[in-house]
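Each residue of the sequence shown is one higher than the last, beginning at 1 in full-length UniProt numbering.
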Amino acid sequence: MTSRSHFKVALAGLVLLVALGVVWWRGAARTDDAGPPLPAAAVASAPPAASGNAASVGPPPSARTGPREQIPMPGCWDGLAALDRAATMESLHAAVSAAIQARDTALVAYLQERLTELVGNDPDRALRLVEWAAKAAPPEPAIYLEALKAAPAVRHPRVAEKLVSVAEDKSLATPDRASALDALETQHRFTPEMRGRLKAIAQDDSADSAAWMATRTLGRVMKEDYERTGTYSPYWKDLLDIGTTSDDTAVRLLALEMPSYSDPLLDSDSIDTLAKVMRTDKERDVREMAAFRLAVTEDPQKALAAYRAAFDGEHDLCVRWAFLRFAVRAAGADALPLVEEFARKDPRLRQDYLDFKALYATGTTDFARIWLGKKEHHDCVVEEGAPH
């Protein structure tokens, strides 16, 4: 063995000894990494925990013959093991409050998951979470409602009804109303009466973030119902009404965006409403979103006519570019005559026409592949939720 090899072995041995020494020192020293002690009410039946480490159990001091190595374990709290063994809704409620006061976000997240497990499919326990959320100060409401959202009991009719009632309560803080709506997003379907109540919140100009959340909840349950049963039309009608009547730009934009996550083929009657939005909405983003929404329809030729009718009155280049590319998405190569017409009216779009013409000449018909080969010629930001 060469001297260089001896040196490497000696160095490795030294590193190992240093590492072992550090571990022993850290284990022997008192650690401050332990979380906050849980409230006495939550751990009344708990056995005494080891100092700073609830998971450490060792022999009595008289049985120890020398220093005992203890490697600190992260994520341990005094009394947590006892709380887990005999958890109740009330003990977890008290523990959440203590963890919030200690600003221990890791413990809060763990307790939230335990609440979800304890609620399970029990509607009475679920309603208790809603009751706590309605009476608590932030951030507790969001914690309880997020725990409920992940529990099967959230879909019990009594629980869903209570959540909507909380969302409708204008005496509550807007974020708490929004959290109640967020908890409803895992419903499998909404009854017509439930949809109408959420639509009313979405159209309420004073509801602020709750209006936005009501719109998103309608859209997400529409996706769930559509994937399970093929039903989307009643939800889409409500969303279309919201998208054309709300005074909040963000709400209108979201209402038109939500079908993007399931992409149902829009019926012919929807085209007339979207065509009006493209011509009249005061916000560029909403006009672009209407153009995007129109691209997935059972009547591509009627969609092309809507794009043609909106083009002349539109002076924003980015919106005109949206009309052009979504016309191609709607009708494929059949849209090329209309695209050529757009390019004649606005020379800034001529290169786009030439690009699409050349791409379709290769024999490719799938729009996703066509778009991969299309160069970008305009400094226009594509809105989130509006894929090409």
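Using N, Cα and C, we set each Cβ at its ideal position, and we do this for glycine too.
If you reduce the DSSP assignment to three classes, tell me which class LEU266 lands in. Counting from 1 along the sequence shown, the entry for residue 266 is found at position 266. Looking at LEU266 - three-state DSSP - the assignment turns out to be strand.
May I ask you to list the residues that DSSP assigns as paired with THR297? Taking the first residue of the sequence shown as 1, we reach residue 297 at position 297. Answer is LEU266, bridged to THR297.
Nearest by alpha-carbon distance to SER139: which of GLN187, VAL108, PRO234 and GLU117 is it? Position 139 of the sequence shown, counted from the start, is the residue given in the question as residue 139. The question names Ser, yet the displayed sequence has Pro at residue 139. Taking only the C-alpha atoms, the option nearest PRO139 is VAL108.
Under the rule that 16 or more other beta-carbon atoms within 10 Å means buried, what is GLN101, buried or exposed? Here the question's residue 101 lines up with position 101 in the sequence shown. The residue is exposed, with fewer than 16 neighbouring Cβ atoms inside 10 Å.
Going by C-alpha to C-alpha distance, which of PRO347, HIS378, GLY332 and ALA343 sits closest to ARG369? As a first step, residue 369 must be located in the sequence shown, where it is residue number 369. If we check each option's Cα against that of ARG369, GLY332 comes out closest.
Does the region 318-327 come close enough to the region 346-356 that 3 or more CB-CB pairs lie under 8 Å? yes
Beta-carbon proximity check, ALA94 vs THR116, cutoff 8 Å: Walking along the sequence shown from the start, residue 94 turns up at place 94. Walking along the sequence shown from the start, residue 116 turns up at place 116. No, the pair does not count as a contact, with Cβ atoms beyond the cut-off.
Got a sec? Which residues, its chain only, sit under 6 Å from GLN351 by beta carbon, not counting five neighbours each side? Within the sequence shown, the letter at position 351 stands for residue 351. Same-chain partners within the cutoff: HIS377.
Taking the runs of the alpha helix (DSSP H) that are 4 residues or longer, which of them lie wholly in the region 88-175? 89-101, 105-119, 123-135, 140-149 and 157-168
To the nearest angstrom, how far is it from the Cα of LYS170 to the Cα of LEU148? Reading the sequence shown from its first residue, position 170 is the one you call residue 170. Reading the sequence shown from its first residue, position 148 is the one you call residue 148. C-alpha separation (whole angstroms): 22 Å.
Please determine, among SER246, ASP272, THR280 and LYS237, the residue with the shortest C-alpha to C-alpha distance to PRO259. Residue mapping note: residue 259 aligns to position 259 of the sequence shown, counting from 1. Among SER246, ASP272, THR280 and LYS237, the Cα nearest to that of PRO259 belongs to LYS237.
Cα-Cα separation, ILE143 to TYR110: In the sequence shown, the residue the question calls residue 143 occupies position 143. In the sequence shown, the residue the question calls residue 110 occupies position 110. Straight-line Cα distance between these residues: approximately 11 Å.
Ignoring anything shorter than 4 residues, give me the alpha helix (DSSP H) runs that lie fully in the region 290-350, in order along the chain. 300-311, 317-331 and 336-345
Taking all protein chains shown into account, decide if GLU257 is buried (16 or more other Cβ within 10 angstroms of its Cβ) or exposed. Taking the first residue of the sequence shown as position 1, residue 257 is located at position 257. GLU257 comes out buried.
Can you give me the C-alpha to C-alpha distance between ASP208 and ARG85, rounded to a whole angstrom? Within the sequence shown, the letter at position 208 stands for residue 208. Within the sequence shown, the letter at position 85 stands for residue 85. For ASP208 and ARG85, the distance between alpha carbons rounds to 43 Å.
Using the three-state DSSP reduction, which class does PHE367 fall into: helix, strand or coil? Stepping through the sequence shown from its first residue, residue 367 is reached at position 367. In this structure, PHE367 counts as helix in the three-state DSSP scheme.
ALA214 and ILE201: beta carbons closer than 8 Å? Walking along the sequence shown from the start, residue 214 turns up at place 214. Walking along the sequence shown from the start, residue 201 turns up at place 201. Yes, Cβ-Cβ distance for ALA214 and ILE201 is below 8 Å.
Give me the Cα-Cα distance between ARG284 and PHE311, rounded to the nearest whole angstrom. Counted from its first residue, the sequence shown places residue 284 at position 284. Counted from its first residue, the sequence shown places residue 311 at position 311. Going from the Cα of ARG284 to the Cα of PHE311 covers about 13 Å.
Taking LEU253 as part of the alpha helix (DSSP H), name the residues at either end of that continuous run. Indexing the sequence shown from 1 puts residue 253 at position 253. 249-257 is the span of the alpha helix (DSSP H), which, as asked, contains LEU253.
Sub-8 Å separation of LEU181 and THR217 beta-carbons: Mapped onto the sequence shown, residue 181 falls at position 181. Mapped onto the sequence shown, residue 217 falls at position 217. Yes, the pair counts as a contact, with Cβ atoms nearer than the cut-off.
Might you give, ordered along the chain, the residues of its own chain that have their beta carbon closer than 8 Å to the beta carbon of ALA211, omitting 5 neighbours on each side? In the sequence shown, residue 211 corresponds to position 211, counting from 1. For ALA211, where only same-chain residues beyond five positions count, the Cβ hits under 8 Å are ILE201, ALA202, GLN203, ASP204, ASP205, SER246, ASP248 and VAL251.
Can you give the beta carbon distance from ARG155 to LEU127, rounded, assuming they're within the 8 Å contact cut? To locate residue 155, count along the sequence shown from 1; it is residue 155. To locate residue 127, count along the sequence shown from 1; it is residue 127. Not really, about 13 Å apart at Cβ, beyond 8 Å.
Go ahead and label GLN301 buried or exposed: buried means 16 or more other beta carbons lie within 10 angstroms of its beta carbon, across all protein chains shown. Within the sequence shown, residue 301 is the residue found at index 301, counting from 1. Counting Cβ neighbours within 10 Å, GLN301 comes out exposed, since fewer than 16 surround it.
Take the Cβ of ALA309 as the centre, count every other Cβ of all protein chains shown within 10 Å, and call the residue buried at 16 or more, exposed below. Position 309 of the sequence shown, counting from 1, holds the residue named residue 309. Its Cβ having fewer than 16 others within 10 Å, ALA309 is exposed.
ASP346 versus ILE271 - alpha carbon distance: Mapped onto the sequence shown, residue 346 falls at position 346. Mapped onto the sequence shown, residue 271 falls at position 271. Using only the alpha carbons, I get a separation of about 24 Å.
Give me, in chain order, the residues of the same chain whose beta-carbon lies closer than 7 Å to that of PRO264; leave out the 5 immediate sequence neighbours on both sides. Taking the sequence shown and counting its residues from 1, one reaches residue 264 at position 264. TYR226 and TYR232, listed in sequence order.
What's the C-alpha gap between LEU338 and LEU349? Your numbering for residue 338 matches position 338 in the sequence shown. Your numbering for residue 349 matches position 349 in the sequence shown. Cα-Cα distance, rounded: 12 Å.
With C-beta atoms as the reference, is LEU274 less than 8 Å away from ARG287? For the purposes of this step, residue 274 is taken as the residue at position 274 of the sequence shown. For the purposes of this step, residue 287 is taken as the residue at position 287 of the sequence shown. Not in contact: LEU274 and ARG287 (Cβ atoms no closer than 8 Å).
According to the neighbour-count rule (16 or more other Cβ atoms, all chains shown, within 10 Å of its Cβ), is SER179 buried or exposed? The residue you call residue 179 lines up with position 179 of the sequence shown. Result: buried.
Quick check on the DSSP output: the alpha helix (DSSP H) that includes ALA210 runs from which residue to which? As a working note, residue 210 is residue 210 in the sequence shown. First-last of the alpha helix (DSSP H) with ALA210: 209-229.
Taking all protein chains shown into account, decide if ALA137 is buried (16 or more other Cβ within 10 angstroms of its Cβ) or exposed. Start at 1 with the first residue of the sequence shown, and residue 137 comes out as number 137. With fewer than 16 Cβ atoms within 10 Å of its Cβ, ALA137 is classed as exposed.
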